[in-house]
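Reviewing the structure listed below.
Number of protein chains: 2
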Amino acid sequence: MSPRPKIGLELTYILEAAGEIADQSGMQEVTLANLAKKLNIRPPSLYNHFDGLGGLRKKLAIYGIEKLYKELADAAIGVSGTDAVLALSKAYVHFARQHPGIYEATLMAPNPEDTEVQQAGAKIVDLTVRVLQAFELRGDQALHAVRGLRSILHGFSSLEQKGGFKMALDLDESLFLVIRAFLKGMTA
Amino acid sequence: MSPRPKIGLELTYILEAAGEIADQSGMQEVTLANLAKKLNIRPPSLYNHFDGLGGLRKKLAIYGIEKLYKELADAAIGVSGTDAVLALSKAYVHFARQHPGIYEATLMAPNPEDTEVQQAGAKIVDLTVRVLQAFELRGDQALHAVRGLRSILHGFSSLEQKGGFKMALDLDESLFLVIRAFLKGMTA
DNA sequence: TATTTTAACTAATACTATTAGTTTTATCAA
DNA sequence: TTGATAAAACTAATAGTATTAGTTAAAATA
């Protein structure tokens, strides 16, 4: 049914290699030429594994979203209420710091409306919903709150990554204070 | 001292053309080839106006940041307190909606640490500081608050642009509710 | 009027993704 | 064991990209 490959490149292995390039040099260096070089194959061979550069970006986005989800879900184990939100937030920004390129890839899918990409992202939204459920927000309040939390986390990570925070002021302290204020304001 | 150009391409005119391409087709379509075609010149001629694609991206980032600043500053005229923050927020997300490509360009400078880019961004930070001053936050609280507000605005705009908000729930309502909650939580 | 400077140009190079067609090799079925 | 199949590599070629070098035309200045 399925013959064994000559070299045997697993898709996951390829995506890990692409992720390393992204983290080390940024997404603009994730080219088919650079990826092929890292894998010791020729660029056209990559078309056997995904549909060109666009296909790679899509698969890498999903790979990154799922990797982020795992860390978020793990951070949310055994905690609840404000502690859970803070743990989730900490895990989020830490992921963006440790994997700047993969985090970048997360946002670089050719079509963010793509079903597979949406499904991967939906898991993170669901996780956020669950973590916020302890606050017993009424009606649409819960949905607005999810949008707010996601905005803070993504905005904070993105600005931090782009060097937007110049003040000599502890970053995690800012994040925690902002998250606490947001939760207090939403529930009060 | 300065002879008149043959065609007379002003840098601002070039950046406006680049901005139109960005808004209509996205930043990935802002290539020297496409820009030259729109201006009816040959790609190498563009090197007389900026230092290659990287130089264009930098100048377009500054152009976009200044354009955004003008709209924010205008929105903050004649209002104070919560109203001022809401007006600023509304102007911010509206800019990102009306000029998705230019907003994207704002974040795509080759080196965000570049002095000129930083200076342009500093004006927006200063504006945010001033708008938040009415809340009389103590010490570092004010600085943390600026980071929080910027994170919400950028995160919200970025997620909205990437199609991250799928629920049938009014977007501006979300934004205003989140901003109000944040302000309440920071000042309470 | 002569000089200088700006900003266009052409031609060439190196890199990119991509397609077409080929070859190697492992697996499966007879 | 052998023959067919299918995966996944390959080479060669093409089109599009940024970029550099060197040239030319025209406008402004002295």
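Residue numbers (numbering that gives the first Met the number 0), protein chains in the order written: chain P, 0 to 187; chain Y, 0 to 187.
Yeah, the Cβ is synthetic: ideal placement off N, Cα and C, and Gly gets one too.
Quick caveat, the model's predicted, so the values are computed rather than measured.
Coil, strand or helix - residue i by DSSP
i        : result
Y/SER79  : coil
Y/ARG146 : helix
P/ASN110 : coil
Y/THR127 : helix
Y/ILE178 : helix
Y/ARG41  : coil
P/PHE49  : coil
P/PHE164 : coil
Y/ASP73  : helix
P/THR30  : coil
P/GLU103 : helix
Y/ASP139 : helix
Y/PRO2   : Note that Y/PRO2 scores a pLDDT of 48, beneath 50, so its modelled location is shaky and nothing firm can be said.
Y/GLY25  : coil
P/ASP169 : coil
P/PHE155 : helix
P/ALA95  : helix
Y/GLU115 : helix
P/GLU65  : helix
Y/GLU133 : Just to set this straight, residue 133 of chain Y is Ala in the shown sequence, not Glu. Of the three classes helix, strand and coil, the one that applies to Y/ALA133 here is coil, per DSSP.
Y/GLU19  : helix
Y/ALA60  : helix
Y/ALA187 : coil
Closest by C-alpha distance to residue i, when choosing among the options
i        : options                               : result
P/ALA141 : P/PHE181, P/ALA95, P/GLU15, P/SER173  : P/PHE181
Y/LEU67  : Y/PHE94, Y/ALA86, Y/GLY77, Y/ALA104   : Y/PHE94
P/ASN47  : P/ALA17, P/GLU9, P/ILE178, P/ALA83    : P/GLU9
P/GLU70  : P/GLN132, P/GLU159, P/LEU45, P/LYS89  : P/LYS89
P/GLN117 : P/HIS98, P/PHE134, P/GLU65            : P/GLU65
Y/ARG96  : Y/LYS165, Y/THR11, Y/ILE178, Y/LEU170 : Y/LEU170
Y/GLY115 : Y/THR186, Y/TYR62, Y/GLY163           : According to the sequence provided, residue 115 of chain Y is Glu. The question's Gly does not apply to it. The shortest Cα separation from Y/GLU115 among Y/THR186, Y/TYR62, Y/GLY163 belongs to Y/TYR62.
P/VAL145 : P/GLU135, P/VAL124, P/GLY162          : P/VAL124
P/GLU172 : Y/GLY120, Y/GLY184, Y/GLY147, Y/LEU87 : Y/GLY147
P/THR186 : P/LYS122, P/PHE134, P/ALA119          : P/PHE134
Y/LEU176 : Y/ALA108, Y/LEU136, Y/VAL84, Y/GLY120 : Y/VAL84
Y/LEU136 : Y/LYS183, Y/TYR91, Y/ASP113, Y/LEU174 : Y/LYS183
Y/THR81  : Y/PRO111, Y/THR11, Y/PHE49, Y/ARG129  : Y/ARG129
P/ARG86  : P/GLY120, P/ASP139, P/LEU126          : Before going further, note that residue 86 of chain P is Ala rather than Arg in the sequence given. Residue P/LEU126 is the option with its Cα nearest to P/ALA86.
P/ARG179 : Y/PHE49, Y/HIS143, Y/LEU34            : Y/HIS143
P/LYS122 : Y/GLY51, Y/GLY163, Y/ALA35, Y/ASN39   : Y/GLY163
Y/LEU174 : Y/PHE49, Y/ARG41, Y/TYR91, Y/LYS36    : Y/TYR91
P/LYS200 : P/ALA16, P/GLY120, P/ALA119           : Absent from the structure is residue 200 of chain P, since the part of chain P shown begins at 0 and ends at 187.
P/PRO111 : Y/ASP113, Y/THR11, Y/LEU131, Y/LYS165 : Y/LYS165
Burial state of residue i (16 or more Cβ within 10 Å)
i        : result
P/GLY7   : Note that P/GLY7 has pLDDT 48, beneath the 50 cutoff, so the model's placement of it is unreliable and no number is given.
Y/ILE13  : buried
P/ARG149 : buried
P/ALA60  : buried
Y/ALA167 : exposed
Y/SER79  : exposed
Y/SER24  : exposed
P/THR105 : buried
P/ALA108 : buried
Y/PHE138 : The sequence given here places Gly at residue 138 of chain Y; Phe does not occur at that position. It counts as exposed.
Contact between the segment 12–31 of chain P and the segment 47–60 of chain P (3+ Cβ pairs under 8 Å): yes
- prompt: Any chance the segment 94–108 of chain Y sits against the segment 9–20 of chain Y, with 3 or more Cβ pairs inside 8 Å?
  reply: yes
- prompt: Should the segment 151–159 of chain Y be called in touch with the segment 153–163 of chain P, which here means at least 3 C-beta pairs below 8 Å?
  reply: At 8 Å Cβ cutoff, the stretches touch.
message: For the structure I just gave you, are there three or more beta carbon pairs, one from the segment 37–46 of chain Y and one from the segment 70–89 of chain Y, closer than 8 Å?
response: Because the criterion of three Cβ pairs below 8 Å is not met, the segment 37–46 of chain Y and the segment 70–89 of chain Y do not touch.
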